[in-house]
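Enquirer: Take this structure, written in structure tokens, and hold onto it; I'll ask about it next.
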Amino acid sequence: MKKQIIIALAFSISAFSFAQKKELKSAEKAIKSNNFAEAKTALSQAEALMSAMDEKTKAKYYYLNGQALYANGAGTLEDTDAALSSLEKVEGAYKPEIAALKSKMVNGLLKKANDAYGKQDYSTASKYFEKSYRLKKSDTLFLYYAAATSVNVKEYDRALALYEELKELGYTGIGTEYFATNKETGEEEILDKNTRDLYVKAKSHINPGKRKTESKKPEIVKNVALIYVSNGDNEKAIKAMKDARAESPDDVNLVLSEANVHYKMGNTEEFKTLLTKATEMDPENAELQYNLGVISSESDHPEEARAYYEKAIEIDPNYINAYINMSALVLGKEESIIKEMNSLGTSKADNKKYDELREKRQDLYKEAVPYLTKAIEIDSNNLSAAKTLMNIYSILGETDKYKSLKEKVDTLEGGN
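In my numbering, the protein residues as written are -10 to 405.
Here it is as structure tokens:
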């Protein structure tokens, strides 16, 4: 009786073994034909016999399952995760095949990432870039791309986690960049080393060379700080900026970034101090002078503001915002004059004072005219400047100039 039972079990095990091999063979054949749905069906049937599989058969099952789930890149990110999970379970076999498959997966993920990026679908691109890194952790550049593209769509919490991971890894982004000049276009092209050498050998490119790329660490720390600001975590933001500036003390952009953080926090004095420092580092930057003018004006220091706007104009005679703000600065004095005019009575002395104030008011208008005229000269479609100047000409009684600008304003408003 015992012998019969043993024989029966032996037959049963053989039957299981035959079924396993049959299903795995069917899956393998389906995969080679790119029929991944059929492969998954066969593998599902084989999985039911998992308890009876030996280690070699299990290894084959997990390897084929990984291939079927990946489906030559046709699957979702979740399918890719499941495929990787299956491949991780393969023990003692298929190492070269798995390495080749993972390399193929990385290339497929990068293609999807780049395609999504080209369509400005940055959220999707970020996820594919991150998955590329998780699959090939030697390429930290993919993790950087994942973080940067998250920022583009304001997925700040995700970006922050990725940036912090980059910081922990000590990522700088400094690397070697290979280049050569295309003989046909005369333009320098960035290429990978093998492609560059191949093109140079084919004589389609000349002047090959290599150079170190700039560090991305300041950018990373800056973005981390700005994300902290966005999240309302200002103290961490300031610390991140100071860390970045300590690493790159000559980077004027980092000084400006920290200044902007303080501005968003309402720390106008610190903002002004940092802007002043930035102008010392970059004295020919018209925008810095203009921003100092803005903050001086907002802090009720009009003469200081005027000096900064004039400096901005001196550096860049076509800096339109400086002209517009100069006119606003001049016209800003009008309010106190009007207030005083309205407070006067009807006495002879009051009437005399009224006339003096009216003349003073007109002098302000005349002072503002050149700034607004220049602004319109720089940008003929500036409706705000045109309307302000039109109203000034109306008050000054310069009818012809008023009519000319009225036509312009009507045209501009009609086009909006």
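All residues carry an ideal CB built from backbone N, CA and C; glycine is no exception.
None of the values given here were measured: they were computed from a predicted structure.
If you draw a straight line from the alpha carbon of Met315 to that of Asn307, how long is it in whole angstroms?
Expert: For the purposes of this step, residue 315 is taken as residue 326 along the sequence shown, with counting starting at 1. For the purposes of this step, residue 307 is taken as residue 318 along the sequence shown, with counting starting at 1. Spanning the two alpha carbons is a distance of roughly 13 Å.
Enquirer: Based on the DSSP secondary-structure assignment, which residues constitute the bridge partners of Ile179?
Expert: Against the sequence shown, residue 179 aligns to sequence position 190. For Ile179, which the question treats as bridged, DSSP gives the partners Phe168.
Enquirer: Taking the C-alpha atoms as reference points, what is the distance between Arg147 and Asp68?
Expert: Taking the first residue of the sequence shown as position 1, residue 147 is located at position 158. Taking the first residue of the sequence shown as position 1, residue 68 is located at position 79. So the alpha carbons of these two residues sit roughly 21 Å apart.
Enquirer: With a CB to CB cut of under 6 Å and the five nearest residues on each side skipped, what residues in its chain are close to Tyr217?
Expert: As a working mapping, residue 217 is identified with position 228 in the sequence shown. Within the same chain, Tyr217 has close Cβ partners Lys225 and Ala226.
Enquirer: With three or more beta-carbon pairs closer than 8 Å as the criterion, would you say the stretch 250 to 266 touches the stretch 280 to 287?
Expert: Short answer: they touch.
Enquirer: Going by beta carbon distance, what residues of the same chain come within less than 7 Å of Ala375, once the five residues before and after it are set aside?
Expert: Numbered from its first residue, the sequence shown carries residue 375 at position 386. Taken in chain order, the residues that qualify are Ile365, Leu394, Lys397, Val398 and Leu401.
Enquirer: Give, in chain order, every unbroken run of the alpha helix (DSSP H) that is at least 4 residues long and sits entirely within the stretch 277 to 341.
Expert: The qualifying runs are 291 to 304, 309 to 320 and 323 to 332.
Enquirer: Once DSSP output is grouped into helix, strand and coil, what is the label at Pro197?
Expert: Your numbering for residue 197 matches position 208 in the sequence shown. Pro197 falls in the strand class under three-state DSSP.
Enquirer: Where Ser325 and Asn331 are concerned, what is the direct C-alpha to C-alpha distance, given to the nearest angstrom?
Expert: If you number the sequence shown from 1, residue 325 lands on position 336. If you number the sequence shown from 1, residue 331 lands on position 342. Each residue's Cα considered, the two are about 10 Å apart.
Enquirer: Check whether the stretch 57 to 65 and the stretch 24 to 32 touch, using three or more Cβ-Cβ pairs below 8 Å as the test.
Expert: The stretch 57 to 65 is in contact with the stretch 24 to 32.
Enquirer: Run through the stretch 193 to 259 for me and flag every whole alpha helix (DSSP H) of 4 or more residues, listed as ranges in chain order.
Expert: Entirely contained in the stretch 193 to 259, the alpha helix (DSSP H) runs reaching 4 residues are, in chain order, 206 to 219, 223 to 236 and 241 to 254.
Enquirer: Considering only the alpha carbon of each residue, which of Ile163, Lys328 and Glu292 lies closest to Tyr343?
Expert: Position 354 of the sequence shown, counted from the first residue, corresponds to residue 343. Selected option, being the one with the closest Cα: Lys328.
Enquirer: Between Asp50 and Leu99, how many whole angstroms is the CB-CB distance? I'm expecting something under 8 Å.
Expert: As a position in the sequence shown, residue 50 is number 61, starting the count at 1. As a position in the sequence shown, residue 99 is number 110, starting the count at 1. The amino acid at residue 50 is misidentified as Asp; the sequence shows Tyr. So it is not a contact: roughly 29 Å between Cβ atoms.
Enquirer: Note down the Cα distance separating Ile209 from Gly164, rounded to an integer number of angstroms.
Expert: Position 220 of the sequence shown, counted from the first residue, corresponds to residue 209. Position 175 of the sequence shown, counted from the first residue, corresponds to residue 164. Each residue's Cα considered, the two are about 16 Å apart.
Enquirer: Hey, how far is the Cα of Gly386 from the Cα of Glu273?
Expert: As a first step, residue 386 must be located in the sequence shown, where it is residue number 397. As a first step, residue 273 must be located in the sequence shown, where it is residue number 284. Looking at the two C-alpha atoms, the distance is approximately 40 Å.
Enquirer: Look at the alpha carbon of Thr257 and the alpha carbon of Ser219, and state the distance between them as a whole number of angstroms.
Expert: Looking up residue 257 in the sequence shown gives position 268. Looking up residue 219 in the sequence shown gives position 230. When rounded, the distance between both Cα atoms is 18 Å.
Enquirer: Which residues mark the beginning and the end of the alpha helix (DSSP H) in which Val398 is found?
Expert: In the sequence shown, residue 398 corresponds to position 409, counting from 1. Segment Thr388 to Gly403, the alpha helix (DSSP H) holding Val398.
Enquirer: Just to confirm, are Asn310 and Tyr279 a CB contact at a threshold of 8 Å?
Expert: By one-based count along the sequence shown, residue 310 stands at place 321. By one-based count along the sequence shown, residue 279 stands at place 290. Closer than 8 Å, so yes.
Enquirer: By the DSSP assignment, the alpha helix (DSSP H) with Asp368 in it spans what residues?
Expert: The residue labelled residue 368 in the question sits at position 379 within the sequence shown. It is not in any alpha helix (DSSP H) - Asp368 carries neither H nor E in the DSSP assignment.
Enquirer: Ends of the alpha helix (DSSP H) at Thr174?
Expert: For the purposes of this step, residue 174 is taken as residue 185 along the sequence shown, with counting starting at 1. Premise fails: Thr174 is in no alpha helix (DSSP H) and is neither H nor E.
Enquirer: Where do the ends of the alpha helix (DSSP H) carrying Met94 lie?
Expert: Start at 1 with the first residue of the sequence shown, and residue 94 comes out as number 105. Taken as a continuous stretch (DSSP letters only), the alpha helix (DSSP H) holding Met94 covers Lys84 to Gly107.
Enquirer: Residues in its own chain within less than 7 Å of Tyr152 by CB, not counting five upstream and five downstream?
Expert: Against the sequence shown, residue 152 aligns to sequence position 163. Contacts found: Ala136, Ile209, Asn212 and Val213.
Enquirer: So for Ile384, helix, strand or coil by DSSP?
Expert: Here residue 384 is taken as the residue at index 395 of the sequence shown, counted from 1. Of the three classes helix, strand and coil, the one that applies to Ile384 here is helix, per DSSP.
Enquirer: Have a look at Gly221, Gln56 and Glu247 and flag the residue whose alpha-carbon is nearest the alpha-carbon of Gln232.
Expert: Translated into the one-based positions of the sequence shown, residue 232 becomes position 243. The amino acid occupying residue 232 in the given sequence is Asp; Gln does not appear at that position. Residue Glu247 is the option with its Cα nearest to Asp232.
Enquirer: Does Arg200 pass the burial test, meaning 16 or more other C-beta atoms within 10 Å, or should it be called exposed?
Expert: As a first step, residue 200 must be located in the sequence shown, where it is residue number 211. Looking at its Cβ environment, which holds fewer than 16 other Cβ atoms inside 10 Å, Arg200 is exposed.
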